[in-house]
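Quick note: the sequence shown, position 511, residue 510 per numbering that gives the first Met the number 0, numbers continuous.
Using N, Cα and C, we set each Cβ at its ideal position, and we do this for glycine too.
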Amino acid sequence: MNIESADVIRLIEQFLREQNLHRSLDVLQRESGVSLNTVENIDGFKADILKGRWDAVLTSVIQANLPPAKLTDLYEQIILELAEAQDLVPARALLRQTEPMDLLRTADIDRYLRLEQLLSRTSFDPRHAYGDGTGRDARRKAIASDLASQVHAAPPSRLLTLLNQSVRWQVEQGTLSVNEGPHDLFYGRVQNIQTHTVDSAPERVLATIKLPKKQHPNSVAFSPNSVYLATGSSDGFIELWNYKTGKLAADLNYQNEGAPMMMDDSVTALAFSSLGDLVCSGATNGKIKVWKVKSGSCSKRFSAAHSQGVSCVCFSDDNAQILSGGFDTILRIHGLKSGKMLKEFRGHSAGVTSAVFSHDNTRILSTSEDGTVKIWDTASAVCLHTVVPGSEEQGLSAPSAHTVLTIPGRPTEFVVCTKSTTIYIIDIDGNFKKSFSRLENGSKEEFLAASLTPGGKYVLAVSDLSALHCFDIETGHGHISARLSIPPGSVTGIAQHPSLNVAAFISNDRYVPIWTSDKID
Numbered sequence: 000m001n002i003e004s005a006d007v008i009r010l011i012e013q014f015l016r017e018q019n020l021h022r023s024l025d026v027l028q029r030e031s032g033v034s035l036n037t038v039e040n041i042d043g044f045k046a047d048i049l050k051g052r053w054d055a056v057l058t059s060v061i062q063a064n065l066p067p068a069k070l071t072d073l074y075e076q077i078i079l080e081l082a083e084a085q086d087l088v089p090a091r092a093l094l095r096q097t098e099p100m101d102l103l104r105t106a107d108i109d110r111y112l113r114l115e116q117l118l119s120r121t122s123f124d125p126r127h128a129y130g131d132g133t134g135r136d137a138r139r140k141a142i143a144s145d146l147a148s149q150v151h152a153a154p155p156s157r158l159l160t161l162l163n164q165s166v167r168w169q170v171e172q173g174t175l176s177v178n179e180g181p182h183d184l185f186y187g188r189v190q191n192i193q194t195h196t197v198d199s200a201p202e203r204v205l206a207t208i209k210l211p212k213k214q215h216p217n218s219v220a221f222s223p224n225s226v227y228l229a230t231g232s233s234d235g236f237i238e239l240w241n242y243k244t245g246k247l248a249a250d251l252n253y254q255n256e257g258a259p260m261m262m263d264d265s266v267t268a269l270a271f272s273s274l275g276d277l278v279c280s281g282a283t284n285g286k287i288k289v290w291k292v293k294s295g296s297c298s299k300r301f302s303a304a305h306s307q308g309v310s311c312v313c314f315s316d317d318n319a320q321i322l323s324g325g326f327d328t329i330l331r332i333h334g335l336k337s338g339k340m341l342k343e344f345r346g347h348s349a350g351v352t353s354a355v356f357s358h359d360n361t362r363i364l365s366t367s368e369d370g371t372v373k374i375w376d377t378a379s380a381v382c383l384h385t386v387v388p389g390s391e392e393q394g395l396s397a398p399s400a401h402t403v404l405t406i407p408g409r410p411t412e413f414v415v416c417t418k419s420t421t422i423y424i425i426d427i428d429g430n431f432k433k434s435f436s437r438l439e440n441g442s443k444e445e446f447l448a449a450s451l452t453p454g455g456k457y458v459l460a461v462s463d464l465s466a467l468h469c470f471d472i473e474t475g476h477g478h479i480s481a482r483l484s485i486p487p488g489s490v491t492g493i494a495q496h497p498s499l500n501v502a503a504f505i506s507n508d509r510y511v512p513i514w515t516s517d518k519i520d
């Protein structure tokens with residue numbers, strides 16, 4: 000199979016367009032002589048024309064190598080409709096400052112002058128404007144047909160998709176190991192990062208983050224590249240910290256300049272992309288934003304992701320989609336490229352508390368305040384299994400399920416933690432595989448938050464007495480590894496470092512204690 004160099008150039012051109020690198024795209028098209036005459040969806044492109052969504056149409060055609068006559072017809076129609084809406088300033092700008100209209104002035108001066116005269120009138124006469132006997136809708140239909148014949152449909156993000164498929168093929172062939180750490184795609188080697196040696200439970204304080212008075216953290220997450228700890232607070236700020244010192248990360252200029260990432264409302268969910276270059280945040284007003292870590296700029300907004308607060312977010316493995324859960328009982332998948340909601344999962348009767356993709360992305364597991372764990376088919380959004388942990392012990396009033404976790408090295412098993420004395424392991428078909436609990440001095444401590452150590456050997460769970468319990472996932476043996484300096488009953492979350500025995504805890508006060516059992520340089 001031969002790969003044409005023109006196809007490679009088109010892949011790069013599509014990537015440049017999707018990254019809004021329009022000058023680079025223009026230079027590449029001019030120097031290579033290869034044009035990107037593509038749109039994501041032909042029907043959607045035609046619908047934009049028929050409905051007069053001209054901003055979207057111009058965005059699609061601005062880099063396409065369309066015949067001048069077709070572009071002239073398009074720009075003329077836009078000018079006519081702007082004139083009809085009495086929006087004369089942009090109409091004159093299109094007429095006098097665009098290349099297609101400059102070509103029209105040279106090729107057909109009478110047609111150009113007719114448009115100039117139209118824009119000088121104080122009223123709009125459709126019969127005069129559409130003098131050929133056709134109306135606005137008929138002209139839109141003709142333009143849609145003409146332009147649709149000049150472009151081709153291409154799925155979005157083809158370059159990233161092909162690279163991802165290539166990496167997966169190497170994994171399947173055994174030439175690339177996913178267990179060796181992040182892979183440097185450019186150099187073709189595993190990144191040299193610090194890795195933990197043996198899983199163990201945190202037992203001493205490493206650092207403490209202190210937020211301003213009257214503020215408290217509602218969400219926390221470590222970046223996969225082990226660089227930052229992110230916090231989302233009740234005042235809407237999203238801040239990135241040096242987890243070793245508990246101080247704001249000094250290498251991010253926007254934080255140094257006092258311009259952190261910020262939501263309109265309290266930040267209730269955080270997640271990093273697999274490369275650590277993006278961070279997603281959800282808020283109590285139902286909005287979701289995706290941020291570029293290095294610049295602090297917002298790259299995507301989902302203004303109506305949920306009708307109530309967002310409780311959890313996570314990226315898909317290819318970072319092309321975001322899974323979110325809300326207090327409106329619904330899970331949704333959002334497309335990062337399209338900026339639209341792609342799938343919706345309904346079935347919980349109370350707020351969603353956590354959600355994860357399975358290792359192969361074919362399933363989604365979610366927990367809810369209704370006490371259930373649901374296993375969904377990702378493609379069809381159908382609920383395949385519903386599990387109710389603790390229903391045997393507590394009858395009809397099953398405790399709230401607050402955490403579901405994937406287990407490293409066990410692609411079909413998951414940890415589930417409920418607000419009870421018990422932690423469960425279930426499989427992807429909804430079967431209970433194991434459970435374990437710890438009772439101390441006859442007291443029944445309820446677990447409020449849970450996480451896994453980096454290698455998946457231990458489950459860490461914080462009780463309502465602020466005790467950090469550590470359970471061996473193989474034997475179920477548990478012990479208390481630490482007593483956290485957190486008010487009893489106030490713990491709301493744990494974040495586990497991806498490669499070190501370091502964990503951060505959040506509660507209803509303004510402190511984020513970071514604990515470790517490792518020697519941190």
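Point to revise | Euclidean distance between Cα positions of E368 and H21 | key: 47 Å
Check your understanding: Between V150 and V312, is the Cβ-Cβ spacing less than 7 Å?
Key -> no
Review point. Hey, T361 and T377: beta-carbon distance below 7 Å or not?
Key: yes
Exercise for review: Kindly list the residues whose CB is nearer than 7 Å to the CB of D327, restricted to its own chain and excluding five residues on each side of it in sequence; keep chain order.
Suggested key: H305, S306 and Q307
**Study point:** Presumed contact (8 Å Cβ cut-off) between A55 and D47, rounded CB distance
**Key:** 5 Å
Exercise for review: Pull up the CB-CB distance for S272 and I237, whole angstroms please, since I reckon it's below 8 Å.
Suggested key: About 14 Å; that fails the 8 Å criterion.
Practice item. Just list the beta strand (DSSP E) runs in the region 111 to 171, keeping only unbroken ones of 3 residues or longer that don't cross its boundaries, in chain order. Key: Assignment of beta strand (DSSP E) within the region 111 to 171, counting only whole runs of 3 or more residues, yields no such run.
Review point. Skipping 5 residues on each side, what residues in its chain have a beta carbon closer than 6 Å to that of T452?
Key: Within the same chain, D198 come within 6 Å of T452 by CB-CB distance, once the 5 residues on both sides are set aside.
**Study point:** When S294, L277 and I287 are compared against E256, the one with the closest alpha-carbon
**Key:** For the residues S294, L277 and I287, the minimum Cα distance to E256 belongs to S294.
**Study point:** Sub-7 Å separation of L159 and T515 beta-carbons
**Key:** no
Check your understanding: So, helix, strand or coil for G43, using DSSP?
Key -> helix
**Study point:** Nearest-angstrom Cα separation, counted from L184 out to A270
**Key:** 23 Å
Practice item. Report the rounded CA-to-CA distance for G492 versus Q76, giving the unit in angstroms. Key: Within the model, the alpha-carbon separation for G492 versus Q76 is close to 56 Å.
Review point. Which full runs of the alpha helix (DSSP H) of 4+ residues lie inside the region 319 to 345, going along the chain?
Key: none
Point to revise | Outcome for Q61 when other beta-carbon atoms lying within 10 angstroms are tallied against a minimum of 16 | key: As written in the sequence, residue 61 is Ile, which differs from the Gln given in the question. I61 comes out exposed.
Review point. Would the C-beta of R126 count as close to the ligand FMN, meaning under 6 Å from any of its heavy atoms?
Key: Because no ligand of any kind appears in the structure shown, any question about the ligand FMN cannot be addressed here.
**Study point:** Where the alpha helix (DSSP H) through A106 begins and ends
**Key:** E98 to A106
Point to revise | Cα-Cα separation, V266 to G235 | key: 5 Å
Review point. So what does DSSP say about L57, is it helix, strand or coil?
Key: helix
Review point. Can you find at least 3 beta carbon pairs, one from the region 123 to 135 and one from the region 6 to 24, that sit closer than 8 Å?
Key: no
Check your understanding: What separation, rounded to the nearest whole angstrom, lies between the Cα atoms of Q96 and A143?
Key -> 24 Å
Exercise for review: Identify whether R203 lies in helix, strand or coil by the three-state DSSP scheme.
Suggested key: Judged by DSSP in its simplified three-state form, R203 adopts strand.
Check your understanding: Helix, strand or coil: which one does DSSP assign to R409?
Key -> strand
Exercise for review: Taking only the alpha-carbon atoms, compute the straight-line gap between K456 and G346 and give it to the nearest angstrom.
Suggested key: 32 Å
Review point. Buried or exposed: where does N191 fall if 16 or more other Cβ atoms within 10 Å of its Cβ makes it buried?
Key: Note that N191 scores 48 on pLDDT, short of 50, meaning its location in the model is unreliable; the coordinates nonetheless yield the value given after this. By the 10 Å Cβ count, N191 comes out exposed.
Review point. Would V386 pass as a contact of I427 if the rule is Cβ separation under 7 Å?
Key: no
Check your understanding: From K299 to K432, what distance separates their C-alpha atoms?
Key -> 40 Å
Practice item. Compute the Euclidean distance between the alpha carbons of D359 and G408, then round it to the nearest angstrom. Key: In a straight line, the C-alpha of D359 is about 13 Å away from that of G408.
Check your understanding: Going straight from the alpha carbon of K373 to that of M340, what length do you get?
Key -> 20 Å
Review point. Considering only residues of the same chain and omitting the five flanking positions on each side of I485, which have a CB-CB separation below 6 Å?
Key: S465 and S506
Exercise for review: Label W240 either buried or exposed according to how many other C-beta atoms from any shown protein chain fall within 10 Å of its C-beta, with 16 as the threshold for buried.
Suggested key: buried
Review point. Below 7 Å between beta carbons: does that hold for C416 and T402?
Key: yes
Point to revise | C-alpha distance - N1 paired with R167, whole-angstrom precision | key: 21 Å
Review point. At what residues does the beta strand (DSSP E) containing Q214 begin and finish?
Key: Premise fails: Q214 is in no beta strand (DSSP E) and is neither H nor E.
Check your understanding: What residues are listed by DSSP as bridge partners for M260?
Key -> I237
Exercise for review: Kindly indicate which residue of E202, N252, I332 and D517 has the alpha-carbon position closest to the one of H478.
Suggested key: The residue with the shortest Cα to Cα distance from H478 is E202.
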